[in-house]
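K.L.:
By my numbering, the letter at position 207 of the sequence shown is numbered 238, and the numbering carries on one by one without gaps.
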Amino acid sequence: MEALGLTLGYLLVQLFSFLILVLILHAWAYKPIVGMLQKRRKTIAQAVEDARIAADARENAEKDAEELLAKAQQEAAERIRDSKQQAEEVALQIKEHAEKEATEIRAAAQESAHQIKVDALKDLRGEVASLAIAAAQQLISSSMDEERQRALVVSFFSGLKDRKIVLLEGDIAAAGDVHITSALPLSEEEQKLIQADLKSRLNIEPVISFDVDPSILGGLVIQIGDKVIDGSVVGKLQNLRASL
């Protein structure tokens, strides 16, 4: 060592100095660097964790957004479907209401026209009776007085003779509502006579409706339930034609 120029004292001083330098570096450099590295590692780890959490949050947010979008689209489709269904129901109700009103208007118009026709025939009944009496006078001259001739004409159109229905004889083996058709409108008195006669024959209080059909020319067509009794002039002519 002396040959190298080293002495024990000098070596000890160098060792001591080195130890002091190591201690100083350890205290003032190593620990701060290690601490800084650990802090940096923790910061990096936290950043990575935060990035992972952010990624998870973004993924969840995208998923939630997709779910919300799908739900919104479904609700919109349902509302559109409900609105369309409601619109169709409203349109159907309007159509049904319009058809009902049109039907009622047609029925009212038909009823009004029928009533006008009946009223006109009532007004014409006297004239028809006068014409018939005049024709009867031409045919049978003066063998019948005017009162008897008028009674004959009234019987011809009302189907009544001696306050009874001409085409009915005895009790009637039928049941149900009664519908009576005459060539000209019957007077209230004639309707009451017919009702009283049917009541006595049927032994019940019948539900009677009256109608007018000039095409039968005269007499009555009586329908009781399913049974039809044709005493009209047209019916008699048809039977006569068939027999001939």
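Beta carbons are placed, not taken as given, at the ideal position from N, Cα and C, and that holds for glycine.
Computed from a predicted model, the values in this text were never measured in an experiment.
1) With a threshold of 8 Å on Cβ separation, who are the neighbours of S186 within its own chain once the five nearest residues in sequence on each side are excluded?
2) Exposed or buried, what is T212 when buried is set at 16 or more other beta-carbons lying within 10 Å of its beta-carbon?
3) Pull the bridge partners of Q254 from the DSSP assignment, please.
4) Around the C-beta of G207, are 16 or more other C-beta atoms found within 10 angstroms, so that it is buried, or is it exposed?
5) Is D242 helix, strand or coil when you go by DSSP?
6) Given a cut-off of 7 Å, decide if S231 and I247 are closer than it, judged by their beta-carbon atoms.
7) Cβ atoms of V209 and I235: under 7 Å apart, would you say?
8) Could you give the residue range of the alpha helix (DSSP H) that holds N270?
9) Is the beta carbon of L217 closer than 7 Å to that of S189?
10) Look at the alpha carbon of R72 and the alpha carbon of K62, and state the distance between them as a whole number of angstroms.
11) Excluding the five sequence neighbours on either side, which residues of its own chain have a C-beta within less than 6 Å of the C-beta of Q254, listed in chain order?
12) List the residues that DSSP assigns as beta-bridge partners of K195.
13) Which residues mark the beginning and the end of the alpha helix (DSSP H) in which L217 is found?
14) With DSSP collapsed to three states, give me the class of P63.
15) Can you round the beta-carbon distance between D228 and K195 to whole angstroms, since I take them to be within the 8 Å contact cut?
16) By DSSP, does N234 sit in helix, in strand, or in coil?
17) Suppose contacts are defined by Cβ-Cβ distances below 7 Å. Is A214 in contact with P245 by that definition?
18) With DSSP run on the structure shown, which of helix, strand or coil describes L248?
19) Here's the rule I'm using: 16 or more other beta-carbon atoms within 10 Å means buried, otherwise exposed. How should V259 be labelled?
20) In angstroms, rounded to a whole number, what distance separates the CA positions of L68 and D81?
P.N.:
To lay it out plainly:
1) Residue numbering aside, residue 186 sits at position 155 when the sequence shown is read from its first letter. Around S186, the same chain offers K192 and V197 as residues with beta carbons nearer than 8 Å, after the five sequence neighbours per side are excluded.
2) Indexing the sequence shown from 1 puts residue 212 at position 181. Under this definition T212 is a buried residue.
3) For this step, residue 254 is matched to residue 223 along the sequence shown. Per DSSP, H210 and V259.
4) As a position in the sequence shown, residue 207 is number 176, starting the count at 1. By the neighbour-count rule (16 or more Cβ atoms within 10 Å), G207 is not buried but exposed.
5) The sequence position of residue 242 within the sequence shown is 211, counting from 1. In the displayed model, D242 falls within a strand according to three-state DSSP.
6) Translated into the one-based positions of the sequence shown, residue 247 becomes position 216. Translated into the one-based positions of the sequence shown, residue 231 becomes position 200. Cβ atoms of I247 and S231: not closer than 7 Å.
7) Working through the sequence shown from its first residue, we reach residue 235 at position 204. Working through the sequence shown from its first residue, we reach residue 209 at position 178. Remark: C-beta atoms of I235 and V209 do not approach each other more closely than 7 Å.
8) The residue labelled residue 270 in the question sits at position 239 within the sequence shown. Under the DSSP assignment, N270 falls in the alpha helix (DSSP H) whose first and last residues are V264 to S274.
9) Reading the sequence shown from its first residue, position 158 is the one you call residue 189. Reading the sequence shown from its first residue, position 186 is the one you call residue 217. At a Cβ-Cβ threshold of 7 Å, S189 and L217 count as neighbours.
10) Translated into positions along the sequence shown, residue 72 becomes position 41. Translated into positions along the sequence shown, residue 62 becomes position 31. Taken atom to atom, the span from the alpha-carbon of R72 to that of K62 is near 15 Å.
11) Working through the sequence shown from its first residue, we reach residue 254 at position 223. Excluding residues up to 5 positions away in sequence, H210 lie with their Cβ nearer than 6 Å to the Cβ of Q254 in the same chain.
12) Along the sequence shown, read from residue 1 onward, the residue named residue 195 stands at position 164. Looking at the DSSP assignment, K195 forms a beta bridge with K192.
13) Your numbering for residue 217 matches position 186 in the sequence shown. DSSP places L217 in no alpha helix (DSSP H); its state is neither H nor E.
14) As a working mapping, residue 63 is identified with position 32 in the sequence shown. Looking at P63 - three-state DSSP - the assignment turns out to be helix.
15) For the purposes of this step, residue 228 is taken as the residue at position 197 of the sequence shown. For the purposes of this step, residue 195 is taken as the residue at position 164 of the sequence shown. About 5 Å; that satisfies the 8 Å criterion.
16) Position 203 of the sequence shown, counted from the first residue, corresponds to residue 234. It is coil, neither helix nor strand.
17) On the sequence shown, position 183 is the one that residue 214 refers to. On the sequence shown, position 214 is the one that residue 245 refers to. Yes, they are a contact pair.
18) As a first step, residue 248 must be located in the sequence shown, where it is residue number 217. DSSP, read as helix, strand or coil, puts L248 in coil.
19) Position 228 of the sequence shown, counting from 1, holds the residue named residue 259. Per the 10 Å Cβ criterion, exposed.
20) Translated into positions along the sequence shown, residue 68 becomes position 37. Translated into positions along the sequence shown, residue 81 becomes position 50. One C-alpha to the other measures close to 19 Å.
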